[in-house]
Amino acid sequence: MRARLTDMNRTVVVEPTGEHATIDTALARDAIAGLLDADPDVRRRVAELVQLEPERVAPPVLYALSEVLLDQGRPADAAFWFYAGQVRARFDARRCTDATAAAAVDALNQRFGGPINRFAFTDPERLRRTVIRAVAWDRRTQHAYDHRWIALHGMGAYLGSDGPLSVPEGEWDALAARTRAEYLEGLRTALRAIPHPR
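Numbered per the working numbering, the sequence shown spans residues 127 to 324.
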């Protein structure tokens, strides 16, 4: 995947080098293109395919899937996949050695999060159940995609980097557990902030 830097109405294409050049985003790229296609039949078919093997796609695909499901009138399913994608994206950001790559999570949240959160926060109990289900799905479901996708969104993709793109694999289980725990704590904090009717 080529990195793009847009500045002052011009796009500069940067070819990844080193380990960045080995990151496999082909499936994610194709799936996102299908999910964002102008043809609703294409979006529907790709959404069905993604849901058959969601463990194979990088988190941005799950975010895009949430938009398709919302457009199909399936907001509860959309929220589940949005939150599943969000927890996975946060974990991928944590295991990436380029801290600037975490901005990709914020960009995905801004692009896809508004309509999902407006729906989800109308029913705090449903939101709680959905997030718990998404975290449980993440815990039991293999991450069968190239987790380094996020490194293509950091400054290292543009400037180059000498070191590995990920922290040592021996640290991943602890990082995943911490990410899930903090995600659930964030949910509890958000739920406490919702005004309760009297």
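All residues carry an ideal CB built from backbone N, CA and C; glycine is no exception.
Note that the coordinates shown come from a computational prediction; the quantities given were computed from them, not determined experimentally.
Taking only three categories from DSSP, how would you classify Val332?
Any property of residue 332 remains undetermined from this structure, which presents the chain solely from 127 to 324.
Work out the CA separation of Arg170 and Ala164 for me, nearest whole Å.
Position 38 of the sequence shown, counted from the start, is the residue given in the question as residue 164. Position 44 of the sequence shown, counted from the start, is the residue given in the question as residue 170. So the alpha carbons of these two residues sit roughly 11 Å apart.
For Asp172, which of helix, strand or coil comes out of DSSP?
Here residue 172 corresponds to residue number 46 of the sequence shown, with the count starting at 1. A small correction: the amino acid at residue 172 is Val; Asp does not occupy that position in the sequence shown. Helix.
Please report how far the alpha carbon of Gly239 lies from the alpha carbon of Phe208, in whole angstroms.
One-based indexing of the sequence shown puts residue 239 at position 113. One-based indexing of the sequence shown puts residue 208 at position 82. If you take the alpha carbons of Gly239 and Phe208, they lie about 8 Å apart.
Can you tell me whether DSSP reads Ser287 as helix, strand or coil?
If you number the sequence shown from 1, residue 287 lands on position 161. The answer is coil: DSSP assigns Ser287 none of H, G, I, E or B.
Please name the residue, chosen from Phe245, Gly144, Arg255, Gln177, that lies closest to Gly199 on a Cα-to-Cα basis.
As a first step, residue 199 is located in the sequence shown; it is residue number 73 there, counting from the start. The candidate whose alpha carbon is nearest that of Gly199 is Phe245.
Apart from the five residues on each side of it in sequence, which residues of its chain come closer than 6 Å, Cβ to Cβ, to Phe217?
Working through the sequence shown from its first residue, we reach residue 217 at position 91. Ala302, Thr305, listed in sequence order.
Between the alpha carbons of Leu188 and Asp288, how many angstroms are there, rounded?
Stepping through the sequence shown from its first residue, residue 188 is reached at position 62. Stepping through the sequence shown from its first residue, residue 288 is reached at position 162. Answer to the nearest angstrom: the Cα atoms are 31 Å apart.
Report the option in Val168, Ala300, Gln236, Pro185 whose CA atom is closest to the CA atom of His273.
Taking the sequence shown and counting its residues from 1, one reaches residue 273 at position 147. The shortest Cα separation from His273 among Val168, Ala300, Gln236, Pro185 belongs to Pro185.
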